[in-house]
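Structure, as structure tokens:
Number of protein chains: 2
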Amino acid sequence: MTSGSAGPGSLAPAGPGRGRRRTTASVPDLVARAREGDARAVARLISLVEDESPLLREVMAGLAPHAGHAQVVGITGSPGVGKSTSTNALVGELRRAGKRVGVLAVDPSSPFSGGALLGDRVRMQDHATDRDVYIRSMASRGHLGGLAWTTPQALRVLDAAGCDVILVETVGVGQSEVEIAGLADTTLVLLAPGMGDGIQAAKAGILEIGDLYVVNKADRDGADQVKRDLRSMLALATRAEGAWKPPIVSTVAAKGEGLDGVVAEIERHHAWLASSGELERRRTRRARDEIEAIAVTALRERWGDVHGRSELDELAAAVVAGESDPYAAADVLLASIQTS
Amino acid sequence: MTSGSAGPGSLAPAGPGRGRRRTTASVPDLVARAREGDARAVARLISLVEDESPLLREVMAGLAPHAGHAQVVGITGSPGVGKSTSTNALVGELRRAGKRVGVLAVDPSSPFSGGALLGDRVRMQDHATDRDVYIRSMASRGHLGGLAWTTPQALRVLDAAGCDVILVETVGVGQSEVEIAGLADTTLVLLAPGMGDGIQAAKAGILEIGDLYVVNKADRDGADQVKRDLRSMLALATRAEGAWKPPIVSTVAAKGEGLDGVVAEIERHHAWLASSGELERRRTRRARDEIEAIAVTALRERWGDVHGRSELDELAAAVVAGESDPYAAADVLLASIQTS
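Residue numbers (our numbering), protein chains in the order written: chain P, 2 to 341; chain X, 2 to 341.
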């Protein structure tokens with residue numbers, strides 16, 4: 002599968018640009034190097050994904066046979082609950098357990114993406130020289146801080162590169178916390194005492210998405226109250242027989258306390274997912290969503306992207322003028338795909 | 002266009018159900034009665050929209066020639082800023098100006114939808130007997146309290162029924178505030194002093210969507226500060242030459258103060274929209290979005306709705322198994338539409 006640095010399908014443009022380092026590898030070569038753990042090849046592949054490179058399709062086709070191994074763990078929580086500290090500590094704990102770890106930070110306030118205090122950023126350097134840890138921040142392109150739509154594709158890169166666990170960190174506001182649950186095998190919701198909005202935020206939807214709740218800063222006043230509140234709210238949920246009951250774990254991430262418990266629950270959840278058939282179901286649903294999103298995006302481009310005024314514009318103008326209605330217009334649009 | 006109560010296209014099922022009052026009018030008859038201001042016909046049409054009735058297409062086709070007159074005003078703001086009180090006072094002010102007014106409440110906490118204090122609900126009865134005011138709450142079906150996707154269709158009913166102004170009230174959290182700006186000709190953002198999150202919320206996106214800012218409870222401490230903050234934040238926005246500069250208006254809605262200023266600014270904005278060509282642009286964009294949403298929904302149903310396992314499920318399983326990738330799968334899906 003690997004090929005030389007300037008073979009067919011090479012990233013090198015013909016001519017002057019050719020000598021530049023980052024444009025000399027072919028996609029199959031990059032995939033092969035990424036699978037061997039070459040961090041630069043991983044970085045390059047994720048950049049191709051992020052930039053929506055014309056090579057994206059080739060990248061995805063090259064990765065497909067090698068993906069499906071990694072456990073994707075989404076980490077969400079309000080700002081201030083210690084999300085970055087927890088992610089960092091969790092990386093350390095997973096490394097002690099011998100796992101290869103990927104981190105995708107899709108949180109604009111994350112130290113990985115440069116939004117936080119220097120202190121935090123320095124702390125994350127713990128793992129900067131560990132070649133079995135790959136850390137990457139993603140630009141959050143969706144509106145309102147949602148997950149970049151390229152996130153699932155970046156996950157596939159890290160998966161094919163041999164990560165055992167991929168942590169996806171995002172800020173717990175609005176859309177993104179629901180989106181992360183759609184992407185992850187296991188969703189970890191972080192709470193902390195002293196956050197006025199801890200349980201309030203929980204009410205807004207977090208209680209439906211967590212597979213695992215972590216009460217961080219458990220040495221502070223109010224931690225027991227947060228756990229009690231959480232426990233009684235979770236008890237209200239109706240669950241089918243045999244369904245997963247989300248556990249609550251306490252940590253003091255800044256002191257590295259309790260992370261072993263988190264890793265144990267992540268592993269227990271993964272085992273339950275696999276044995277219950279839920280892992281297959283979640284991954285199939287995720288693939289469905291991804292395929293559908295790509296197909297719909299392609300159609301939208303086709304509908305909107307004709308020289309000058311597009312067919313969709315014409316139809317919209319007819320609706321505004323009262324000459325048509327949206328359903329009749331949608332029929333015309335759909336008929337046009339079938340004959341195009 | 003009107004037909005008898007049991008003609009072709011009648012809502013009455015053959016047989017026993019036939020005598021029931023709400024099933025005896027044909028769609029053309031309902032449309033004709035709605036245009037004459039019959040509130041029950043309006044209610045019935047909106048119910049057909051909300052229930053996604055099989056007659057929906059006929060309803061939309063029947064309304065199309067009569068829509069396009071109403072000015073749609075979206076009203077958004079955090080809970081506690083006095084949104085319901087303001088909407089109520091605004092209805093009164095618009096009535097005094099001789100306008101026919103529709104109110105669509107898509108806010109789960111709205112008194113219209115039954116989520117608020119009885120006191121509020123009673124207060125809204127001000128307009129309950131006014132036949133030139135039509136008030137309707139919509140179930141918020143989108144996830145996370147977003148606007149129901151049926152909202153644009155309900156707007157079309159009220160529009161065809163002859164409303165001059167339609168107020169769409171929604172709670173200002175996350176998605177819905179952006180969605181409302183997509184639906185409305187004029188977006189009114191409400192703020193109030195003493196709400197810790199007033200300007201904070203504004204930062205999160207409200208500053209990009211408001212055509213008009215209303216600082217309610219202007220007789221309270223802090224109102225001047227809210228206005229100052231708002232003014233300086235709005236001043237930072239870069240606007241094209243000739244673009245609309247969102248004004249800031251003060252009100253004390255509970256005492257009916259300042260609403261005349263709000264109505265004046267709504268009218269001034271409408272005049273600007275019409276003269277600048279922006280009204281046409283916004284309405285065309287809205288129709289585009291609506292047509293596209295209907296077409297995409299139809300495709301999704303087709304992809305997912307085959308007996309047993311759908312084509313999309315098969316493709317997703319192949320992606321999970323590493324036999325295909327999402328792009329290749331999307332190609333197959335798109336090819337299947339063209340030949341179906």
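Each residue gets a CB set at the ideal place from its N, CA and C atoms; glycine is no exception. Just so we're clear, the structure is a prediction, and the values are computed from it rather than from any experiment.
- Residue range 28-36 is occupied by the alpha helix (DSSP H) that includes Val-28 (chain P).
- For Ala-33 (chain X), no chain P residue has a Cβ inside 9 Å of its Cβ, as the nearest lies near 16 Å away.
- Beyond the five residues adjoining it in sequence on each side, Lys-100 (chain X) comes within less than 7 Å, by CB distance, of Asp-165, Val-166 in the same chain, given in chain order.
- In the DSSP assignment, Ser-251 (chain P) falls within the unbroken beta strand (DSSP E) covering 249-251.
- Not one beta carbon of chain X lies nearer than 8 Å to the beta carbon of Asp-52 (chain P).
- Residue pairing for Tyr-214 (chain P): DSSP places it in a beta bridge opposite P:Val-190, P:Ile-249.
- By the beta-carbon neighbour count (other beta carbons within 10 angstroms, threshold 16), His-70 (chain P) is exposed.
- DSSP places Ala-265 (chain P) in the helix class (H, G or I) of the three-state scheme.
- Using a CB distance cut-off of 8 Å, Asp-165 (chain X) does not count as an interface residue toward chain P.
- The continuous alpha helix (DSSP H) containing Arg-45 (chain P) extends over residues 40-51.
- According to DSSP, Ser-138 (chain P) shares a beta bridge with P:Ala-106.
- Taking 8 Å as the threshold, the shortest C-beta distance from Val-297 (chain X) to chain P falls below it.
- Contact between Glu-312 (chain P) and Trp-304 (chain P) holds, with the beta-carbon distance rounding to 6 Å and staying under 8 Å.
- Listed in chain order, the positions of the region 52-73 of chain P with a beta carbon within less than 8 Å of a beta carbon of chain X are Leu-57, Arg-58, Met-61, Ala-62, Leu-64, Ala-65, Pro-66, His-67, Ala-68, Gly-69.
- Taking CB atoms only, Glu-291 (chain X) has a neighbour in chain P less than 8 Å away.
- By the Cβ neighbour-count rule, Ser-276 (chain X) is exposed, with fewer than 16 other Cβ atoms within 10 Å of its own.
- For Gly-93 (chain P), the enclosing alpha helix (DSSP H) starts and ends at 84-97.
- With a cutoff of 8 Å on beta-carbon distance, Ser-138 (chain P) and Ala-162 (chain P) are scored as not near each other.
- Any Cβ of chain X closer than 8 Å to the Cβ of Arg-36 (chain P) would place that residue at the interface, and such an atom is absent.
- Rounded to the nearest whole angstrom, the CA to CA distance from Ala-288 (chain P) to Glu-53 (chain P) is 19 Å.
- Only Val-320, Val-321, Gly-323, Ser-325, Asp-326, Pro-327, Tyr-328, Ala-329, Ala-330, Ala-331, Leu-334, Leu-335, Ile-338, Gln-339 from the region 320-340 of chain X bring a Cβ to less than 7 Å from some Cβ of chain P.
- For Gln-72 (chain X), the pairing in a beta bridge is given by DSSP as X:Val-166.
- When the Cα atoms are used, Ala-255 (chain X) and Glu-302 (chain P) turn out to be separated by approximately 48 Å.
- Three or more pairs of CB atoms, one per stretch, sit closer than 8 Å, so the region 58-65 of chain X contacts the region 317-337 of chain P.
- Contact annotation: Asp-186 (chain X) and Leu-274 (chain X) have beta-carbon atoms nearer than 8 Å.
- About 44 Å separates the CB atoms of Ser-251 (chain P) and Ala-296 (chain P); that is not less than 8 Å, and the two are not in contact.
- In terms of Cβ geometry, Ala-224 (chain X) and Pro-247 (chain X) do not form a close pair [threshold 8 Å].
- From the listed residues P:Ala-26, P:Arg-157, P:Gly-243, P:Glu-266, the smallest Cα separation to Glu-94 (chain P) is found for P:Glu-266.
- Close partners of Thr-285 (chain P) in chain X (Cβ separation under 9 Å): Asp-314, Ala-317, Ala-318, Val-320, Val-321.
- In this structure, the straight-line span from the alpha carbon of Ala-294 (chain X) to that of Ala-40 (chain X) is close to 29 Å.
- Within its own chain, the residues whose Cβ lies closer than 6 Å to the Cβ of Arg-157 (chain X), once the five positions on either side in sequence are excluded, are Leu-64, Ala-68, listed in chain order.
- In the DSSP assignment, Pro-153 (chain P) falls within the alpha helix (DSSP H) that extends over 152-161.
- Thr-239 (chain P) is classed as exposed because its beta carbon has fewer than 16 other beta carbons within 10 Å across all chains shown.
- Between the C-alpha atoms of Glu-59 (chain P) and Asp-314 (chain X) there is a straight-line separation of about 23 Å.
- Assigned with DSSP and collapsed to three states, Glu-258 (chain X) falls in strand.
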